[in-house]
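K.L.:
Residue numbers (our numbering): 1321 to 2475.
Using N, Cα and C, we set each Cβ at its ideal position, and we do this for glycine too.
(1) Do the CB positions of residue 1936 and residue 1876 come within less than 7 Å of each other?
(2) Of all the alpha helix (DSSP H) runs that stay within the bounds of the stretch 1772-1858, which reach a length of 4 or more residues?
(3) Looking at the structure shown, is residue 1410 part of a helix, part of a strand, or coil, going by DSSP?
(4) Just the C-alpha distance for residue 1552 and residue 1544, rounded to the nearest angstrom, thanks.
(5) Kindly indicate which residue of 2207, 1923, 2180 and 2064 has the alpha-carbon position closest to the one of residue 2544.
(6) Which residue marks the beginning of the alpha helix (DSSP H) containing residue 2033, and which one marks its end?
(7) With DSSP collapsed to three states, give me the class of residue 1750.
(8) Is residue 1572 close to chain D? Criterion is C-beta to C-beta, closer than 7 Å.
(9) With DSSP run on the structure shown, which of helix, strand or coil describes residue 2070?
(10) Can you have a look at residue 1713 and say buried or exposed, based on whether 16 or more other CB atoms are within 10 angstroms of its CB?
(11) Distance, Cα to Cα, residue 1467 vs residue 1329?
(12) Any idea what DSSP makes of residue 1906, helix, strand or coil?
(13) Measuring alpha carbon to alpha carbon, tell me which of 2254, 2278 and 2255 ends up nearest residue 2264.
(14) Taking 8 Å as the limit between beta carbons, can you name the residues of its chain near residue 2319, skipping five residues before and five after?
(15) So, at 6 Å on beta carbons, what are the nonlocal neighbours of residue 1488 in its own chain, with the 5 sequence-adjacent residues on each side left out?
(16) Using the three-state DSSP reduction, which class does residue 1441 fall into: helix, strand or coil?
(17) How many Å lie between residue 1792 and residue 1755 at the Cα?
(18) Comparing alpha-carbon positions, which option in 2113, 2269 and 2401 lies nearest residue 2445?
(19) In whole angstroms, what is the alpha-carbon distance linking residue 1420 and residue 1454?
(20) Report the three-state DSSP secondary structure of residue 2434 (helix, strand or coil).
(21) Flag this pair as yes or no: are the beta carbons of residue 2355 and residue 2370 separated by less than 7 Å?
(22) Anyone know if the C-beta pair for residue 1578 and residue 1526 falls short of 7 Å?
(23) Return the CA-CA distance between residue 1349 and residue 1593, expressed in angstroms with no decimal places.
(24) Under 8 Å Cβ to Cβ from residue 1872, same chain only, skipping five residues before and after it: list those, please.
(25) I'd like the span of the alpha helix (DSSP H) that includes residue 1860, first residue to last.
(26) Assuming residue 1998 contacts residue 1682 (C-beta within less than 8 Å), just tell me the rounded distance between them.
(27) Quick one: any contact between the stretch 2064-2076 and the stretch 1945-1952, if contact means 3 or more CB pairs under 8 Å?
(28) Ordered along the chain, which non-local residues of its own chain (more than five positions away) have a Cβ less than 7 Å from that of residue 1672?
(29) When you compare each of 1870, 1773, 1766 and 1762 to residue 1820 by their alpha carbons, which one comes out closest?
(30) Strictly by DSSP, which residues pair up with residue 2395?
(31) Which partner residues of residue 2383 appear in the DSSP bridge assignment?
(32) Is residue 2315 helix, strand or coil by DSSP?
(33) Please report the distance separating the alpha-carbon of residue 1359 from that of residue 1599.
(34) Along the chain, where does the beta strand (DSSP E) that runs through residue 1497 open and close?
(35) Mark residue 1810 as exposed unless 16 or more other C-beta atoms lie within 10 angstroms of its C-beta, in which case mark it buried.
(36) Could you compute how far the alpha carbon of residue 2028 sits from the alpha carbon of residue 2060?
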């Protein structure tokens, strides 16, 4: 049976953002399957999916109908949305009819965000009438103004509105929209629409307001609505669709549903037949660079290249640089990219001239000598064998892509300059879509189902993420734990069932971290715009913008550049001369010693434990090695054995072989290993006879790993190599190596540019450590764990950390003498505005010669800028310790000081202070006795002081609660916490430490359901680790597991954990641990200790006790023998004993003889 032609004209996709469960590809597939010849997309208030629809539909051979269900403000789009004040909004269905209508729809969608955004992006009748040409309009769903008038019994007003829309869009371009969704309200609206049709002749058209693909997907849509509104599924009064009919219906289903009005179904094709929108791809819309001088862009380009050539290649005896410049310049000019290079040159020039640090380059652009001469990059491509064709292949025309690293703090300044230079309307940031990833969707759906989030979070973490990420559906089939969970827990099985259809759907819009688009005309003439916070963004993502021919640039905010800049400023503050980072000594011994030692905390790209181990093995001693390190530390090279081969060859442990002499100059710097993509290209060129453009095509094909394409390249390579005098067998061997290792090859241009930043940071750390660490600490102030890591790093280098001081500290960390002064910004509870006010007040008081007491400062500073919590944080952190008072005593005086300060502020406001001159109000003015009003009897204990410090800094700075027992606790531990990263998962360890952050929870299911378990942090003086304690162990040891207790744990290191974590087996008090583990004490004796044996005996006798004493005596032959120090000589194990022995003989010379 044949069915009438029909097309869906009211369709929502995932881009209706939590109000549409459709993927565009699935909708197109459904159209094709049902023989429908067209598909519209009318997402709520936006055109996010328009290009995806257009491309998918065209590829499938159906007509794309680009549309939008707009929100129309009841009055003005400029007025805030308020239903109570009669300025809510209604829906209206708009469809682009032709190219002009498409452009107008883009303008309307943009105006809705840029002018009418208030909860929803809205337009109004005024702007709609102005941009109605070329647009078809349907009267809309139940939420339309016409439907609402019909439901209110205002049929006359409804008719007037319908006639208004007809006048605006034209008699042939407006339809009354009928829907049949089973709702009584809709039936009432339909009756009115039919009567309006009979009276006015405005045609009827049938739609179905699609929100999900299949009828059974209505539950997924309902979950989306709950996520959208923050409701629980069980909430009785929540917003929901009271129908399950909003799915993709077939032509037969629509014909049956409107069998009494068949023309309404057929008329959808009238809309389709009118539709002829042509989106243009591939035509570039680059801005034309206009020089400030009278030169043309081409003349400026030529002059800059000549100047750069003279500056950077003053001697070019073989003419290589000149030839390369001429070649690149010719290609760039022929492809029409001169303006592009000048735009990038101008941005970088302006940034450097205006104090915004710029990186030395990134990506394949470092392979261009033109970029080098223009100052876009700082890497000499000739010296490092970098290839222009890797960047710009004239045989495969595509837009060049120069990404720029700016100092993170200056990125916004560069954006502002871009807007001024090219016009704000020609510049926008780029949208990106936050999606419902596997773990996120499980958590979101669990909230809707009101499931305990602690349980769900634990389950969600079982879904593989990161490099081994799986889709939720895949994980539910393949992960044994998740398979078992579904069988044991029906509620979790239901959670997963509801989550799978939603995974990957768009959840919200964000601003791309780097992407900026610049056009030759206002962007709204090509692309709809949106607003995300204060950012104006495109509505289409980066890849689509590139396909549409718009210039996309990445302005990346690189914090390392901020650190470099702060380090140079710190060196100046110390009275030193900052080094020129562009001209550092190439083989600085200190720098390479630091790299070989893996002392690379804060060094760009080299901070991970794995990278430190690689550095220690490889021992880089030249810049070429550093380039290779960045390229090698990736899964492919690490897993393929390439890293081991590279390391063995570098250290002469394996011979270096070149299958053909042409390969030696190409692979010499990497010891015969193929590490870079450029090496694959050069081998293909030198041996296989490929042009460099062909070699770049080979590189791309290797990434795609398509066997049929690779087979053609193999034949071409072998044939070319044979023509070049290579034996066929050798040629095939070389090809096999290219395929095996070349597939892991990295972009050498990028690696070289970033190695330069790596070297700069390593050089500064090696030669200006205090200034460098202060800069890093200032950039990490919001991350207290990271601050502690850098503090520990400074201490390892014997750099003292000077406590926060009200008289000396500023917001950031700064070098001071031989140490580092703690920055106020790293104290929890401070804010930059408050600190700026305090620092300014401090300067005023010092100028007057006044003391910097709490009373003096609080009397002068504006209380609206510095509140009680700010002062309390500073006091607890020790900022007033320099006054000679304990922090507890200063804190006890705070209320009185603030009262005096408020009074002083009130006096200043009323002008009363002028009666008493400029003297700050203090204790005397408030009737107290002279002095600072601080009662030292209110002092904190040492433990309270350390606790206050921990609260405000996130770690202990001036000491540690364990310091008095450090020696003993070290004896009881088999490993220190900062060494756990080097211990294999599953290993049993014994560690002494302090319990922090204990949290209890109840097991929800299984045999242990209802039982309590706990988690806590265990901290020693070197680090901390999370510990999980299961119910049985917890029940037996509850009293021991309390915050502040010093304990010894025996635990296993979790396997496959993202960071070290322990599973508790046993827990002991210190005294219990001594009884359990101490079979005696061993003191190590060396031949050099002969003169200390008398003192040693005296010390031992002062600590007599029950534990046997053993001496591990090192003989002249270097061998160590353990002997009992007398059958009757024993010791009592204590911290004092360990401390005195180590004070006499040295660290690490005393240990337990374990039972």
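P.N.:
According to the structure data:
(1) no
(2) Segments of the alpha helix (DSSP H) lying fully in the stretch 1772-1858: 1773-1780, 1792-1798, 1800-1808 and 1810-1819.
(3) It is a strand residue.
(4) 11 Å
(5) No answer is possible for residue 2544: it lies beyond the span of the chain, which begins at 1321 and ends at 2475.
(6) 2027-2043
(7) Residue 1750: strand per DSSP, three-state reduction.
(8) This model lacks chain D altogether; it includes just one protein chain.
(9) helix
(10) buried
(11) 18 Å
(12) coil
(13) 2278
(14) Leaving aside the five residues that flank residue 2319 on each side, the residues in its chain whose CB is nearer than 8 Å to its CB run, in chain order, 2334, 2335 and 2336.
(15) 1449 and 1452
(16) coil
(17) Distance from the CA atom of residue 1792 to the CA atom of residue 1755, rounded to whole angstroms, is 13 Å.
(18) 2401
(19) Distance from the CA atom of residue 1420 to the CA atom of residue 1454, rounded to whole angstroms, is 5 Å.
(20) strand
(21) no
(22) yes
(23) CA-CA distance, residue 1349 to residue 1593, rounds to 21 Å.
(24) 1719, 1721, 1750, 1835, 1836, 1837, 1862, 1865 and 1866
(25) Counting along the chain, residue 1860 falls outside any alpha helix (DSSP H), and DSSP gives it neither H nor E.
(26) Not quite, the Cβ-Cβ distance comes to about 15 Å (not below 8 Å), so this is no contact.
(27) Verdict: yes, contact present.
(28) 1678
(29) The shortest Cα separation from residue 1820 among 1870, 1773, 1766 and 1762 belongs to 1762.
(30) DSSP, once it has assigned bridges, lists no residue as partnering residue 2395.
(31) 2348 and 2372
(32) strand
(33) 16 Å
(34) 1494-1499
(35) exposed
(36) Whole-angstrom Cα-Cα distance: 17 Å.
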